[in-house]
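Chains as they are written, first to last, in this note's numbering: chain A, 1 to 114; chain B, 1 to 109. In this text, a Cβ means the ideal position worked out from N, Cα and C, and glycines have one as well. All values reported here derive from a predicted model rather than from experimental measurement. Single-structure report; data block below.
Structure below.
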């Protein structure tokens, strides 16, 4: 069974440029999470989807961040424009209805903003 | 909002020594999960605790959930170099898992 797939693994951009990350969760997992992880910190939730519905996006900086999960499968997270402080690893995770507490994480997308 | 505190932030041990990390929540949790993240890797699920006072074991790892469901611990007996990584607890009060800062375990051979 394929795990959570994220791309790109690494991205280097200049500030004020846009960037997008893509995530394909494990097949059949209805819940999808986007987390942000800074160095030496735990993952911080940005947004959670139940199927195609964003059910918790209170931590998403909506002035520059946007996310979508069309058709309730894969998802994209966009930052426009990027700021220096956005440099971090963006982790996608998914879980199933049968085991909602068990999150499966992708390898993450490391963003560097110059 | 809900906060999950984890201590210590770092722990150096000699191979063969024991290791313990502690997780404390500001609110009562529905359940708690533990994850391990190897250097350069992503968090990997280890276990979930649900019941008050629950104790679960995985080989050399022992996980405990406090009676008040506000704290938890992970204990590793006789550490090995393969145990190196950062251990995170994630507490759930509703549907949202809130991660602690993690404890980084460094094992010296």
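A straight-line Cα-Cα distance of about 11 Å links residue 75(A) and residue 93(A). Put simply, the backbone Cα of residue 45(A) is about 7 Å away from that of residue 59(A). Residue 102(B) reaches chain A at 42, counting residues in chain order whose Cβ is nearer than 7 Å.
Per DSSP, residue 25(B) is one residue of the beta strand (DSSP E) stretching across 19 to 25. Non-local beta-carbon contacts of residue 57(A) in its own chain, meaning distances under 7 Å to residues more than five positions away in sequence, involve 47 in chain order.
One thing to note: residue 63(B) has its Cβ no nearer than 8 Å to the Cβ of residue 4(B). DSSP, reduced to helix, strand and coil, places residue 56(B) within a strand of the structure shown. When only Cα atoms are considered, residue 104(A) and residue 35(A) end up about 12 Å apart. Only residues of its own chain outside the window of five on either side were considered, and among them 46, 77, 78, 79 have a CB closer than 8 Å to the CB of residue 65(A), listed in chain order.
Taking residue 110(A) as the centre and dropping the five residues before and after it, the same chain places the C-beta of 10, 89 closer than 6 Å to its C-beta, in chain order. Across the set 33(A), 69(A), 68(A), the C-alpha of 33(A) shows the shortest separation from the C-alpha of residue 91(A). Flagged as an interface residue toward chain B: residue 48(A), by a C-beta distance shorter than 8 Å. In terms of CA proximity to residue 23(B), 75(B) leads the group 15(B), 44(B), 41(B), 75(B).
Contact with chain A is found for residue 92(B), since one of that chain's Cβ atoms lies less than 8 Å from the residue's Cβ.
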